[in-house]
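>
Protein chains: 2
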Amino acid sequence: MKISMHALSVDLFAPALGNLSSVLQKAAASAAQRKFEPGVLLAARLAPDMLPLTRQVQIAADIAKNSVARLAAQEPPRFEDTETTIEQLQARLARTIDFLTSVPASVLEGSETRDIRLPTGGGRTLEFKGLEFLQRWAIPNVFFHITTAYDILRHNGVELGKRDFLGSGT
Amino acid sequence: MKISMHALSVDLFAPALGNLSSVLQKAAASAAQRKFEPGVLLAARLAPDMLPLTRQVQIAADIAKNSVARLAAQEPPRFEDTETTIEQLQARLARTIDFLTSVPASVLEGSETRDIRLPTGGGRTLEFKGLEFLQRWAIPNVFFHITTAYDILRHNGVELGKRDFLGSGT
Chain U
42 MKISMHALSV DLFAPALGNL SSVLQKAAAS AAQRKFEPGV LLAARLAPDM LPLTRQVQIA
102 ADIAKNSVAR LAAQEPPRFE DTETTIEQLQ ARLARTIDFL TSVPASVLEG SETRDIRLPT
162 GGGRTLEFKG LEFLQRWAIP NVFFHITTAY DILRHNGVEL GKRDFLGSGT
Chain V
42 MKISMHALSV DLFAPALGNL SSVLQKAAAS AAQRKFEPGV LLAARLAPDM LPLTRQVQIA
102 ADIAKNSVAR LAAQEPPRFE DTETTIEQLQ ARLARTIDFL TSVPASVLEG SETRDIRLPT
162 GGGRTLEFKG LEFLQRWAIP NVFFHITTAY DILRHNGVEL GKRDFLGSGT
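Top to bottom, those sequences are chains U and V. Going letter by letter, the first sequence gives residues 42 to 211 in this note's numbering. Going letter by letter, the second sequence gives residues 42 to 211 in this note's numbering.
#1: Can you list, in chain order, the residues of its chain with a C-beta nearer than 8 Å to that of residue 53 of chain U? Leave out the 5 residues immediately preceding and following it.
#2: Does the distance from the CB of residue 127 of chain V to the CB of residue 186 of chain V come in under 8 Å?
#3: On a Cα-Cα basis, can you pick out the residue from U/189, U/211, U/207, U/209 that is closest to residue 94 of chain U?
#4: Output, in chain order, the set of chain U residues within a Cβ distance shorter than 8 Å of residue 153 of chain V.
#5: Output, in chain order, the set of chain V residues within a Cβ distance shorter than 8 Å of residue 102 of chain U.
#6: Exposed or buried, which one is residue 79 of chain U when buried takes at least 16 other CB atoms within 10 Å?
#7: Can you check which of these residues, V/62, V/92, V/51, is closest to residue 196 of chain U by C-alpha distance?
#8: Mind checking if residue 142 of chain U is an interface residue toward chain V, Cβ cutoff 8 Å exclusive?
#9: Using only the alpha-carbon positions, how far apart do residue 56 of chain V and residue 174 of chain U sit?
#10: Residues in its own chain within less than 7 Å of residue 204 of chain V by CB, not counting five upstream and five downstream?
#11: Please classify residue 75 of chain U: is it buried, with 16 or more other beta-carbons within 10 angstroms of its beta-carbon, or exposed?
#12: What does the alpha-carbon distance come out to for the pair residue 85 of chain V and residue 167 of chain U?
#13: Over the uninterrupted alpha helix (DSSP H) stretch that includes residue 137 of chain V, give me the two end residues.
#14: Residue 109 of chain U and residue 144 of chain U look like a contact to me (Cβ under 8 Å); what is the Cβ gap, rounded to whole Å?
#15: By DSSP, does residue 181 of chain V sit in helix, in strand, or in coil?
#16: Buried or exposed, going by whether 16 or more other CB atoms sit within 10 Å of the CB of residue 50 of chain V?
#17: Can you tell which of U/73, U/113, U/133, U/47 has the C-alpha that lies nearest to the C-alpha of residue 120 of chain U?
#18: Let me check understanding here. Comparing Cα to Cα, which of V/68, V/42, V/64, V/88 lies closest to residue 81 of chain V?
#19: Is the beta carbon of residue 61 of chain V less than 8 Å from the beta carbon of residue 101 of chain V?
#20: Does residue 47 of chain V have its Cβ less than 8 Å from a Cβ in chain U?
#21: Kindly indicate the opening and closing residues of the alpha helix (DSSP H) around residue 170 of chain U.
#22: Between the C-alpha atoms of residue 171 of chain U and residue 77 of chain U, what's the straight-line distance to the nearest angstrom?
#23: Pull the bridge partners of residue 160 of chain U from the DSSP assignment, please.
#24: For a cutoff of 8 Å on Cβ pairs, would you count residue 182 of chain U as touching chain V?
#25: Against chain U, with Cβ distances strictly below 8 Å, would residue 176 of chain V count as a contact?
#26: Taking 8 Å as the threshold (C-beta atoms), are residue 202 of chain V and residue 138 of chain V in contact?
#27: Please report the straight-line C-alpha distance between residue 64 of chain V and residue 47 of chain U, rounded to a whole angstrom.
#28: Please name the residue in V/162, V/198, V/208 whose C-alpha comes closest to that of residue 73 of chain V.
#29: Where do the ends of the alpha helix (DSSP H) carrying residue 197 of chain V lie?
Here is the structure:
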């Protein structure tokens with residue numbers, strides 16, 4: 042069986058972002074049950090110099106979207122970072138998943154050897170081949186932000202388990 | 042270029058566990074500089090019902106090791122969970138990386154369609170094909186525990202940045 046770049050990107054990221062949306066649903070239910078504004082959770086951080094939940098969700102979605110677009114040599118859709126509610130973040134995730142799953146495996150064919158140039162802060166540019174870009178940058182990064190979103194919620198008393206993170210059938 | 046199961050497992054997990062070892066090195070230095078026992082960090086948790094740092098590191102390493110062994114249809118080496126210091130956890134990570142990198146790509150060839158049966162708690166058994174096992178279970182799980190280890194340390198004031206998590210050249 043041939044293993045595709047699609048299997049290493051879209052097939053990893055779309056379900057993981059879907060699971061994150063379910064995790065956010067439980068966060069909304071927890072806030073309602075404990076009678077506080079869900080915005081408290083959206084602004085929560087694990088350290089003063091770490092990003093709050095809203096940004097963790099936005100960044101997880103953007104890294105998945107932009108990474109697949111880079112590999113596909115497409116201009117990614119741009120989403121403004123304007124979400125202020127859990128529902129809006131879930132809509133952002135849904136739009137991101139729609140984009141990811143709209144990219145067919147054929148478009149990513151051969152992208153394992155594509156040159157990826159990634160401008161970062163401070164004027165640096167990272168350079169990777171497509172496969173290495175997924176292995177060393179995109180995959181760890183997407184799971185970093187999804188896990189940190191989960192950890193922020195667990196730290197704030199939302200009842201979640203590993204199966205919420207891993208998704209149905211696990 | 043052919044994308045291998047090795048590229049989706051060993052090549053993802055070994056560098057990520059190496060980066061975790063560097064993160065632990067910074068944790069040791071932070072404890073020394075702030076003049077407290079490093080064991081305080083090893084026992085730290087993000088929630089009372091989440092696992093402490095030591096277990097996050099052990100589990101990240103074990104899921105990587107056992108997942109690759111399953112795909113290779115090998116009996117994985119067993120490591121006792123006896124570590125009580127950062128140095129011992131780093132040695133555990135080094136032994137795990139040694140095992141991972143000892144598995145040649147040829148042994149994982151064809152494992153994308155191998156039947157993987159994974160006993161979980163409560164008498165359930167998860168069933169996957171090899172590729173799906175990596176996508177839905179092993180990869181998210183390994184990064185979950187590595188990220189949570191990082192998050193525990195950040196929450197406890199250890200000075201770390203995303204580049205410590207992603208590793209050199211990022």
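Just so it is clear, CB atoms sit at the ideal spot from N, CA and C, and this is done for glycine as well.
Quick look at the numbers:
#1: For this step, residue 53 of chain U is matched to residue 12 along the first sequence. Residues of the same chain with a CB within less than 8 Å of the CB of residue 53 of chain U, apart from the 5 flanking positions on each side, are 180, 183 in chain order.
#2: Within the second sequence, the letter at position 86 stands for residue 127 of chain V. Within the second sequence, the letter at position 145 stands for residue 186 of chain V. Cβ atoms of residue 127 of chain V and residue 186 of chain V: not closer than 8 Å.
#3: The count along the first sequence starts at 1 and reaches residue 94 of chain U at position 53. Checking every option, the nearest Cα to that of residue 94 of chain U belongs to U/189.
#4: On the second sequence, residue 153 of chain V is found 112 positions in, with the first residue counted as 1. Near residue 153 of chain V (Cβ distances below 8 Å), the residues of chain U are 42, 44.
#5: The residue you call residue 102 of chain U lines up with position 61 of the first sequence. Those within 8 Å of residue 102 of chain U in chain V number zero; the least Cβ separation is about 16 Å.
#6: Looking up residue 79 of chain U in the first sequence gives position 38. In the assembly as shown, residue 79 of chain U is a buried residue. Its beta-carbon has 16 or more other beta-carbons within 10 Å.
#7: In the first sequence, the residue the question calls residue 196 of chain U occupies position 155. If we check each option's Cα against that of residue 196 of chain U, V/92 comes out closest.
#8: Taking the first sequence and counting its residues from 1, the one referred to as residue 142 of chain U is at position 101. Cβ-Cβ to chain V under 8 Å: no for residue 142 of chain U.
#9: Sequence index remark: in the second sequence, residue 56 of chain V carries index 15 (1-based). Sequence index remark: in the first sequence, residue 174 of chain U carries index 133 (1-based). For residue 56 of chain V and residue 174 of chain U, the gap between their C-alpha atoms comes out near 13 Å.
#10: For the purposes of this step, residue 204 of chain V is taken as residue 163 along the second sequence, with counting starting at 1. Non-local C-beta neighbours of residue 204 of chain V in its own chain, meaning closer than 7 Å and more than five positions away in sequence, comprise 211, ordered along the chain.
#11: Here residue 75 of chain U corresponds to residue number 34 of the first sequence, with the count starting at 1. Counting Cβ neighbours within 10 Å, residue 75 of chain U comes out exposed, since fewer than 16 surround it.
#12: The residue you call residue 85 of chain V lines up with position 44 of the second sequence. The residue you call residue 167 of chain U lines up with position 126 of the first sequence. Straight-line measurement puts the Cα of residue 167 of chain U at about 34 Å from the Cα of residue 85 of chain V.
#13: For the purposes of this step, residue 137 of chain V is identified with residue 96 of the second sequence, where counting begins at 1. Element bounds for residue 137 of chain V: 127-143.
#14: Residue mapping note: residue 109 of chain U aligns to position 68 of the first sequence, counting from 1. Residue mapping note: residue 144 of chain U aligns to position 103 of the first sequence, counting from 1. Contact annotation, residue 109 of chain U with residue 144 of chain U: C-beta distance approximately 6 Å; criterion of less than 8 Å satisfied.
#15: Locating residue 181 of chain V in the second sequence gives position 140, counting from the first residue. Three-state result, residue 181 of chain V: helix.
#16: Taking the second sequence and counting its residues from 1, the one referred to as residue 50 of chain V is at position 9. Counting Cβ neighbours within 10 Å, residue 50 of chain V comes out buried, since at least 16 surround it.
#17: On the first sequence, residue 120 of chain U is found 79 positions in, with the first residue counted as 1. With distances taken between Cα atoms, residue 120 of chain U lies closest to U/133.
#18: The residue given as residue 81 of chain V occupies position 40 in the second sequence. Of the listed residues, the one whose Cα sits closest to residue 81 of chain V is V/68.
#19: Counted from its first residue, the second sequence places residue 61 of chain V at position 20. Counted from its first residue, the second sequence places residue 101 of chain V at position 60. A contact, by the Cβ cut-off of 8 Å.
#20: Your numbering for residue 47 of chain V matches position 6 in the second sequence. It does not; no Cβ of chain U falls within 8 Å.
#21: The residue given as residue 170 of chain U occupies position 129 in the first sequence. Annotation: residue 170 of chain U is outside any alpha helix (DSSP H); the continuous beta strand (DSSP E) that includes it extends over 166-170.
#22: The residue given as residue 171 of chain U occupies position 130 in the first sequence. The residue given as residue 77 of chain U occupies position 36 in the first sequence. If I take the Cα positions, the gap works out to 44 Å.
#23: Translated into positions along the first sequence, residue 160 of chain U becomes position 119. Note: residue 160 of chain U sits in a beta bridge opposite U/166.
#24: Looking up residue 182 of chain U in the first sequence gives position 141. By this cut-off, residue 182 of chain U is an interface position.
#25: Sequence index remark: in the second sequence, residue 176 of chain V carries index 135 (1-based). Answer yes: the Cβ-Cβ gap between residue 176 of chain V and chain U drops below 8 Å somewhere.
#26: In the second sequence, counting from the first residue as 1, residue 138 of chain V sits at position 97. In the second sequence, counting from the first residue as 1, residue 202 of chain V sits at position 161. In this structure, residue 138 of chain V sits away from residue 202 of chain V, with a CB-CB distance that is not shorter than 8 Å.
#27: Walking along the second sequence from the start, residue 64 of chain V turns up at place 23. Walking along the first sequence from the start, residue 47 of chain U turns up at place 6. Using only the alpha carbons, I get a separation of about 31 Å.
#28: Within the second sequence, residue 73 of chain V is the residue found at index 32, counting from 1. Of the candidates V/162, V/198, V/208, the one whose C-alpha sits nearest the C-alpha of residue 73 of chain V is V/198.
#29: As a working mapping, residue 197 of chain V is identified with position 156 in the second sequence. For residue 197 of chain V, no alpha helix (DSSP H) encloses it, and the DSSP letter there is neither H nor E.
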